[in-house]
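Student:
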Amino acid sequence: MSPLMKRPNALVTRHLSLGYEGKPVITHLDLGIPAERITALVGPNGCGKSTLLRGLGRLLKPTAGTVYLDGAAIAQLSTGAIAKLLGILPQSPVAPEGLTVRDLVAMGRYPYQRWWQQWSNQDERMTQGALLMTRLQKLAERPVDTLSGGQRQRAWIAMILAQDTQILLLDEPTTFLDLAHQVEVLELLWELNRDQGRTVVMVLHDLNQACRYADHIVMLREGVVFAQGEPTEVMTEEIVQQVFDLECRIVADPVAGTPMCIPLSFHARRVRTE
Numbered sequence: 002m003s004p005l006m007k008r009p010n011a012l013v014t015r016h017l018s019l020g021y022e023g024k025p026v027i028t029h030l031d032l033g034i035p036a037e038r039i040t041a042l043v044g045p046n047g048c049g050k051s052t053l054l055r056g057l058g059r060l061l062k063p064t065a066g067t068v069y070l071d072g073a074a075i076a077q078l079s080t081g082a083i084a085k086l087l088g089i090l091p092q093s094p095v096a097p098e099g100l101t102v103r104d105l106v107a108m109g110r111y112p113y114q115r116w117w118q119q120w121s122n123q124d125e126r127m128t129q130g131a132l133l134m135t136r137l138q139k140l141a142e143r144p145v146d147t148l149s150g151g152q153r154q155r156a157w158i159a160m161i162l163a164q165d166t167q168i169l170l171l172d173e174p175t176t177f178l179d180l181a182h183q184v185e186v187l188e189l190l191w192e193l194n195r196d197q198g199r200t201v202v203m204v205l206h207d208l209n210q211a212c213r214y215a216d217h218i219v220m221l222r223e224g225v226v227f228a229q230g231e232p233t234e235v236m237t238e239e240i241v242q243q244v245f246d247l248e249c250r251i252v253a254d255p256v257a258g259t260p261m262c263i264p265l266s267f268h269a270r271r272v273r274t275e
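Using the numbering used here, you'd call the opening residue of the sequence shown number 2 and step up by one each time.
#1: Any chance you could list the beta strand (DSSP E) runs of at least 3 consecutive residues sitting entirely within the region 143 to 215, in chain order?
#2: Could you tell me the boundaries of the beta strand (DSSP E) in which residue 31 lies?
#3: Find the nearest neighbour of residue 30 within the set 68, 84 and 24, judged by alpha-carbon distance.
#4: Would you say the region 101 to 109 touches the region 157 to 173, given that touching needs at least three Cβ pairs under 8 Å?
#5: Is the Cβ of residue 53 closer than 8 Å to any Cβ of chain B?
#6: What's the gap between the Cα of residue 94 and the Cα of residue 70?
#7: Go ahead and label residue 257 buried or exposed: buried means 16 or more other beta carbons lie within 10 angstroms of its beta carbon, across all protein chains shown.
#8: What would DSSP say about residue 51, mapped onto helix, strand or coil?
#9: If you draw a straight line from the alpha carbon of residue 198 to that of residue 119, how long is it in whole angstroms?
#10: What residue from 169, 208 and 206 has the CA that sits closest to residue 189's CA?
#11: Could you tell me how far apart the beta carbons of residue 204 and residue 51 are, in whole angstroms, since I believe they sit closer than 8 Å?
#12: What number of angstroms, rounded off, separates the C-alpha of residue 163 from the C-alpha of residue 266?
#13: Measuring CB to CB, does residue 48 end up less than 8 Å from residue 222?
#14: With DSSP as the reference, label residue 3 as helix, strand or coil.
#15: Taking the C-alpha atoms as reference points, what is the distance between residue 195 and residue 92?
#16: Using CA atoms only, rank isn't needed, just tell me which of 260, 208, 193 and 101 is closest to residue 165.
#17: Here's the rule: buried if 16 or more other CB atoms are within 10 angstroms of the residue's CB, otherwise exposed. What is residue 55?
#18: Within a Cβ cutoff of 7 Å, which residues of the same chain sit near residue 44, ignoring the five residues on either side of it in sequence?
#19: Which partner residues does residue 220 have in the DSSP bridge list?
#20: Does the beta-carbon of residue 138 have 16 or more other beta-carbons within 10 angstroms, so that it is buried, or is it exposed?
#21: Rounded to whole angstroms, how far is the Cβ of residue 173 from the Cβ of residue 206, which I believe are closer than 8 Å?
#22: Could you check whether residue 151 and residue 187 sit closer than 8 Å to each other, using their CB atoms as the reference points?
#23: What does a CB cutoff of less than 7 Å around residue 153 pick up in its chain, not counting 5 residues either side in sequence?
#24: Buried or exposed: which applies to residue 4, given that a residue is buried once 16 or more other Cβ atoms fall within 10 Å of its Cβ?
#25: Would you mind sorting residue 33 into buried or exposed? The rule is 16 or more other CB atoms within 10 Å of its CB.
#26: Distance, Cα to Cα, residue 1 vs residue 238?
#27: Assuming residue 224 and residue 27 make a contact with CB atoms under 8 Å, what is their CB distance in whole Å?
#28: Start and end of the alpha helix (DSSP H) containing residue 131?
Following this line, the structure appears as structure tokens:
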């Protein structure tokens with residue numbers, strides 16, 4: 002048995018169904034997200050990755066079934082309680098024009114505000130700590146909309162770090178970033194997991210990045226889990242062929258030693274069959 006399967010689950014779904022305007026996307030899904038590990042949700046476009054992440058974060062109401070957070074039905078928890086347990090970063094968030102990095106990060110403290118206590122020493126410490134962890138101290142007074150793509154994504158991650166939750170849900174955190182900034186963001190999330198034990202769940206498109214940075218991979222196809230497990234268990238030529246309709250070769254990443262998917266082009270297939 003995989004060591005991950007022996008770990009407690011931070012999030013669990015039971016017979017979960019999700020959809021939009023009567024159209025089902027996820028159907029009767031049973032899934033466990035390992036605590037204190039990085040889980041990557043992967044699969045072809047339209048398979049339900051982002052929909053599942055929204056369901057896990059209670060941004061989308063299930064049509065059936067239940068999501069459990071630390072053993073409690075998430076639907077029964079208050080919005081304030083969830084905001085102290087789950088940090089959610091949607092796909093391509095946009096900050097109001099002129100908002101500074103510090104002000105954006107401070108928004109992560111909103112769940113802790115009370116009418117009689119608008120800002121506390123703890124709020125200040127968490128905000129400063131989030132800026133430090135994401136290496137944004139020198140950019141704190143810069144407007145968010147003047148940052149590079151990687152800096153901007155770090156600022157949003159800093160916001161959910163200031164929220165001080167044990168679980169981070171991120172929908173395609175590397176989308177629209179160049180390769181260097183993709184690696185920068187993924188390295189940051191890896192460090193947060195390894196150094197602080199935070200549970201990270203993220204939607205990724207790049208299979209090789211998923212294998213390099215995730216401990217647990219959930220591969221979706223047409224709204225159901227086709228395969229899940231450690232990268233070496235999930236990333237096989239047969240599974241990639243069945244899920245993505247893509248012929249490939251799986252080799253060891255020369256740097257990380259994790260599985261690396263090399264697609265076969267039409268020309269490569271033709272040469273191989275001649």
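Even glycine gets a Cβ: it sits at the ideal position worked out from N, Cα and C. Model, not experiment: these values are computed from the prediction.
Tutor: Looking at the atomic coordinates:
#1: DSSP runs (the beta strand (DSSP E)) wholly in the region 143 to 215: 168 to 172 and 200 to 204.
#2: Residue mapping note: residue 31 aligns to position 30 of the sequence shown, counting from 1. Segment 24 to 35, the beta strand (DSSP E) holding residue 31.
#3: Against the sequence shown, residue 30 aligns to sequence position 29. Taking only the C-alpha atoms, the option nearest residue 30 is 68.
#4: Yes, the region 101 to 109 is in contact with the region 157 to 173.
#5: Absent here is chain B; the protein component of the structure consists of one chain.
#6: Position 93 of the sequence shown, counting from 1, holds the residue named residue 94. Position 69 of the sequence shown, counting from 1, holds the residue named residue 70. C-alpha separation (whole angstroms): 24 Å.
#7: For the purposes of this step, residue 257 is taken as the residue at position 256 of the sequence shown. Classification of residue 257: exposed, given that the 10 Å Cβ count is below 16.
#8: Taking the first residue of the sequence shown as position 1, residue 51 is located at position 50. Here residue 51 sits in helix by DSSP.
#9: Along the sequence shown, one-based indexing puts residue 198 at 197. Along the sequence shown, one-based indexing puts residue 119 at 118. For residue 198 and residue 119, the distance between alpha carbons rounds to 29 Å.
#10: By 1-based counting over the sequence shown, the position of residue 189 is 188. The shortest Cα separation from residue 189 among 169, 208 and 206 belongs to 169.
#11: The residue labelled residue 204 in the question sits at position 203 within the sequence shown. The residue labelled residue 51 in the question sits at position 50 within the sequence shown. Going by Cβ atoms, the distance from residue 204 to residue 51 rounds to 6 Å, so yes, they are a contact pair.
#12: Numbered from 1 along the sequence shown, position 162 holds the residue referred to as residue 163. Numbered from 1 along the sequence shown, position 265 holds the residue referred to as residue 266. Rounded to whole angstroms, the gap between the alpha carbons of residue 163 and residue 266 is 45 Å.
#13: As a working mapping, residue 48 is identified with position 47 in the sequence shown. As a working mapping, residue 222 is identified with position 221 in the sequence shown. Going by C-beta atoms, residue 48 is nearer than 8 Å to residue 222.
#14: To locate residue 3, count along the sequence shown from 1; it is residue 2. Legend: pLDDT at residue 3 = 44, less than 50; position of this residue unreliable, value from coordinates given subsequently. Reduced to three states, the DSSP call for residue 3 is coil.
#15: Against the sequence shown, residue 195 aligns to sequence position 194. Against the sequence shown, residue 92 aligns to sequence position 91. Linking residue 195 to residue 92 through their CA atoms gives a straight-line distance of about 24 Å.
#16: Numbered from 1 along the sequence shown, position 164 holds the residue referred to as residue 165. The residue with the shortest Cα to Cα distance from residue 165 is 193.
#17: Residue mapping note: residue 55 aligns to position 54 of the sequence shown, counting from 1. So residue 55 ends up on the buried side.
#18: Mapped onto the sequence shown, residue 44 falls at position 43. Excluding positions up to five away in sequence, the list reads 50, 220, 221, 222 and 244.
#19: Here residue 220 corresponds to residue number 219 of the sequence shown, with the count starting at 1. According to DSSP, which records beta bridges pairwise, residue 220 is partnered with 43 and 228.
#20: Along the sequence shown, one-based indexing puts residue 138 at 137. Flag for residue 138 reads exposed.
#21: Residue mapping note: residue 173 aligns to position 172 of the sequence shown, counting from 1. Residue mapping note: residue 206 aligns to position 205 of the sequence shown, counting from 1. Contact between residue 173 and residue 206 is confirmed by a C-beta separation of about 7 Å, below the 8 Å threshold.
#22: Here the question's residue 187 lines up with position 186 in the sequence shown. Here the question's residue 151 lines up with position 150 in the sequence shown. Remark: C-beta atoms of residue 187 and residue 151 do not approach each other more closely than 8 Å.
#23: Locating residue 153 in the sequence shown gives position 152, where the first residue counts as 1. Answer for residue 153: 145, listed in chain order.
#24: The residue given as residue 4 occupies position 3 in the sequence shown. Any reading at residue 4 is ruled out, since the residue's pLDDT is 44, under 50, leaving its predicted position unreliable.
#25: On the sequence shown, residue 33 is found 32 positions in, with the first residue counted as 1. Per the 10 Å Cβ criterion, buried.
#26: Missing from the structure shown is residue 1; the chain here goes from 2 to 275 and no further.
#27: Locating residue 224 in the sequence shown gives position 223, where the first residue counts as 1. Locating residue 27 in the sequence shown gives position 26, where the first residue counts as 1. With a Cβ gap of about 5 Å, residue 224 and residue 27 count as contacting.
#28: As a first step, residue 131 is located in the sequence shown; it is residue number 130 there, counting from the start. That run of the alpha helix (DSSP H) goes 122 to 134.
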